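S.K.: Numbering follows numbering that gives the first Met the number 0, with no gaps: position 231 of the sequence shown is 230. Here's a structure for you.
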Amino acid sequence: MMTVILFIIIFGIVVLSHEFGHFLLAKMNGIRVVEFSVGMGPTICSFTRKETKYAIRLLPIGGACMFEGEDGLESENGGGEGSFLKAGIWARIATVAAGPIFNFILAFLVAVILVSFSATDTTILSGVSVGSPAEAAGLTAGDKIVSIDGQKTYLFRDVYLLTLLNKGEAMKVVYKREGETYSADILPVYNEESARYLLGIYGGIYEQAKGPAVFRDAWYEIRYNVIATYKSLGLLLSGQFSRKDVAGPVGIAVNVVGATYEASKEYGIRAIVLNMMNIVLLLSVNLGILNLLPIPALDGGRLVFLFIELIRRKPISPEKEGIVHFIGLVFFMVLMVVVLFNDLSNIFGR
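What follows is the structure in structure tokens.
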């Protein structure tokens with residue numbers, strides 16, 4: 000029951016921030032919001048205020064902010080004043096983009112809180128394995144990893160991610176020691192137990208951010224999650240992830256929220272709250288990025304049509320655009336069923 004409650008709260012916060020972004024920019028630009036809802040499926044409760052229906056729906060896995068005139072559909076007022084289609088092009092772009100942008104804003108605010116109450120994993124090494132490639136290259140405890148293969152590293156998770164994705168190629172590691180900068184080309188070795196290539200380094204030393212450094216470390220948190228999400232999408236599209244590596248709402252509830260709660264509860268309410276906030280950060284970044292993909296029915300797909308209109312100075316037929324987004328919506332409905340089946344298979348097929 001606690002897993003369900005936490006899942007609903009987490010998904011509710013992430014979805015609400017996204018839809019509120021659309022809602023706020025629509026109101027600021029004079030676009031009429033027909034419905035603002037959190038959840039999908041049958042309505043649990045609702046009320047109407049100033050021509051907008053506010054609703055909470057049964058399934059806590061989505062939400063909607065529906066505009067007058069969206070996808071070429073007009074209500075009884077004929078799509079006059081307040082219609083999405085009648086708004087200026089930049090007003091519409093801002094309204095559509097606001098959803099993902101608000102997800103990133105939420106993620107940053109959560110990150111600020113997280114780094115204010117917990118230490119950050121720096122790239123300062125706590126140790127080097129005896130006989131490892133890193134030791135052979137001259138690295139030692141106290142060295143600070145600055146970059147790997149030209150990619151900056153600010154958190155030890157950055158280092159971990161880059162080594163995790165390595166397939167046995169030599170890595171150019173730039174590090175600092177007592178204020179001096181050094182570099183080394185290190186060839187990682189395959190570790191059977193970990194089933195991946197390792198440099199043989201341990202880290203990182205944790206430090207608590209104070210003052211303005213809190214915002215710096217919060218930015219590092221966002222940066223890491225954005226990079227990790229993009230790299231994960233790349234692995235998924237290239238077929239390097241199996242179905243067991245993919246999770247939908249049910250999988251997230253059981254394998255992420257539930258497992259994190261069980262692992263955190265023995266350490267008290269503080270640990271539970273901070274770990275749940277970390278999940279909020281991760282999901283908010285994921286939702287922001289996924290919605291910016293140029294796929295029909297997603298915000299990114301709608302932005303593609305708007306930018307085409309901006310370039311040609313003439314909108315594409317709303318009816319045709321509506322058909323494209325409807326096809327995208329059908330695709331995502333089918334995908335949801337597939338993901339649900341995958342989640343259930345992963346949970347009960349263990």
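We put the beta carbon where it would ideally sit given N, CA and C, even for glycine. All of these numbers come straight from a predicted model, not from anything done at the bench.
Going residue by residue through the stretch 84 to 147, where are the continuous beta strand (DSSP E) segments of at least 3 residues, counting only ones entirely within it?
M.R.: Here the runs fully enclosed are 143 to 147.
S.K.: Taking DSSP as the reference, what is the three-state secondary structure of Y153?
M.R.: As a first step, residue 153 is located in the sequence shown; it is residue number 154 there, counting from the start. Residue state, collapsed to three classes: coil.
S.K.: Are there 16 or more other CB atoms within 10 angstroms of the CB of A135, so buried, or fewer, so exposed?
M.R.: The count along the sequence shown starts at 1 and reaches residue 135 at position 136. Exposed, by the Cβ-count rule.
S.K.: Pull up the CB-CB distance for V33 and K52, whole angstroms please, since I reckon it's below 8 Å.
M.R.: Position 34 of the sequence shown, counted from the first residue, corresponds to residue 33. Position 53 of the sequence shown, counted from the first residue, corresponds to residue 52. Yes, they are in contact, since the Cβ atoms of V33 and K52 sit about 7 Å apart, within 8 Å.
S.K.: Taking the continuous beta strand (DSSP E) assigned at G61, which residues delimit it?
M.R.: Here residue 61 refers to the residue found at position 62 of the sequence shown. Residues T51 to F66.
S.K.: Per DSSP, what are the beta-bridge partners of T42 in this structure?
M.R.: The residue you call residue 42 lines up with position 43 of the sequence shown. Answer is R56.
S.K.: Determine contact between the stretch 264 to 281 and the stretch 89 to 96, defined as no fewer than three beta-carbon pairs at a distance below 8 Å.
M.R.: The answer is no - the stretch 89 to 96 does not touch the stretch 264 to 281, with fewer than three Cβ pairs under 8 Å.
S.K.: Just to confirm before moving on: does the CB-CB distance between E67 and S82 stay below 8 Å?
M.R.: As a first step, residue 67 is located in the sequence shown; it is residue number 68 there, counting from the start. As a first step, residue 82 is located in the sequence shown; it is residue number 83 there, counting from the start. In this structure, S82 lies closer than 8 Å to E67 by Cβ.
S.K.: Please state whether DSSP places A183 in a helix, a strand or coil.
M.R.: Your numbering for residue 183 matches position 184 in the sequence shown. The answer is strand: DSSP assigns A183 an E or B state.
S.K.: Given that a residue counts as buried once 16 or more other Cβ atoms are within 10 Å of its Cβ, and exposed if not, what is V129?
M.R.: The sequence position of residue 129 within the sequence shown is 130, counting from 1. It is exposed - the Cβ of V129 has fewer than 16 other Cβ atoms within 10 Å.
S.K.: Taking the Cβ atom as the reference point for each residue, do Y229 and I294 lie within a distance shorter than 8 Å?
M.R.: Residue numbering aside, residue 229 sits at position 230 when the sequence shown is read from its first letter. Residue numbering aside, residue 294 sits at position 295 when the sequence shown is read from its first letter. No, they are not a contact pair.
S.K.: Within this structure, are the beta carbons of F107 and I226 separated by less than 8 Å?
M.R.: Locating residue 107 in the sequence shown gives position 108, where the first residue counts as 1. Locating residue 226 in the sequence shown gives position 227, where the first residue counts as 1. No, the Cβ-Cβ distance between F107 and I226 is not below 8 Å.
S.K.: Output needed for V145: all residues of its chain with C-beta closer than 8 Å, excluding positions within five of it in sequence on either side, in chain order.
M.R.: Mapped onto the sequence shown, residue 145 falls at position 146. Excluding positions up to five away in sequence, the list reads T122, K151, T152, V173, Y174, K175 and T180.
S.K.: Who pairs with M170 in a beta bridge, going by DSSP?
M.R.: Taking the sequence shown and counting its residues from 1, the one referred to as residue 170 is at position 171. DSSP, once it has assigned bridges, lists I185 as partnering M170.
S.K.: Taking only the alpha-carbon atoms, compute the straight-line gap between I322 and G233 and give it to the nearest angstrom.
M.R.: Numbered from its first residue, the sequence shown carries residue 322 at position 323. Numbered from its first residue, the sequence shown carries residue 233 at position 234. When rounded, the distance between both Cα atoms is 28 Å.
S.K.: For the stretch 7 to 23 against the stretch 99 to 114, do three or more pairs of beta-carbon atoms, one drawn from each stretch, fall closer than 8 Å, so that the two count as touching?
M.R.: Cβ pair count under 8 Å is three or more, so yes.
S.K.: In terms of residues, what are the limits of the beta strand (DSSP E) holding L197?
M.R.: Residue mapping note: residue 197 aligns to position 198 of the sequence shown, counting from 1. Per DSSP, L197 belongs to the beta strand (DSSP E) from R195 to L197.
S.K.: CA-CA distance, E168 and S125?
M.R.: The residue given as residue 168 occupies position 169 in the sequence shown. The residue given as residue 125 occupies position 126 in the sequence shown. C-alpha separation (whole angstroms): 24 Å.
S.K.: Across which residues does DSSP place R176 in a beta bridge pair?
M.R.: In the sequence shown, the residue the question calls residue 176 occupies position 177. Answer is E179, bridged to R176.
S.K.: Do you know offhand how far I9's Cα is from A183's?
M.R.: Here residue 9 refers to the residue found at position 10 of the sequence shown. Here residue 183 refers to the residue found at position 184 of the sequence shown. Taking the straight line joining both Cα atoms gives about 43 Å.
S.K.: Taking Cβ to Cβ, would you say V13 is nearer than 8 Å to S283?
M.R.: Start at 1 with the first residue of the sequence shown, and residue 13 comes out as number 14. Start at 1 with the first residue of the sequence shown, and residue 283 comes out as number 284. Yes.
S.K.: In this structure, what does DSSP give as the bridge partners for S36?
M.R.: As a working mapping, residue 36 is identified with position 37 in the sequence shown. DSSP, once it has assigned bridges, lists A54 and A63 as partnering S36.
S.K.: Answer with buried or exposed for N290, where buried requires no fewer than 16 other C-beta atoms within 10 angstroms of its C-beta.
M.R.: Working through the sequence shown from its first residue, we reach residue 290 at position 291. Buried is the call here.
S.K.: Over the uninterrupted alpha helix (DSSP H) stretch that includes L297, give me the two end residues.
M.R.: As a working note, residue 297 is residue 298 in the sequence shown. L297 -> no alpha helix (DSSP H), and no H or E assigned at all.
S.K.: Just tell me which of W218, N28, P59 and G29 has its CA closest to the CA of I43.
M.R.: For the purposes of this step, residue 43 is taken as the residue at position 44 of the sequence shown. I43 has its Cα closest to that of P59, out of W218, N28, P59 and G29.
S.K.: Could you check whether the stretch 203 to 222 touches the stretch 111 to 120, counting it as contact only if at least three pairs of C-beta atoms, one from each stretch, sit closer than 8 Å?
M.R.: A contact exists between the stretch 203 to 222 and the stretch 111 to 120.
S.K.: May I have the straight-line CA-CA distance separating K49 from L164, to the nearest angstrom?
M.R.: Residue mapping note: residue 49 aligns to position 50 of the sequence shown, counting from 1. Residue mapping note: residue 164 aligns to position 165 of the sequence shown, counting from 1. The straight-line gap from Cα to Cα measures roughly 52 Å.
S.K.: Pull up the distance between the alpha-carbon of G40 and that of E261, whole angstroms please.
M.R.: In the sequence shown, the residue the question calls residue 40 occupies position 41. In the sequence shown, the residue the question calls residue 261 occupies position 262. So the two alpha carbons sit approximately 30 Å from each other.
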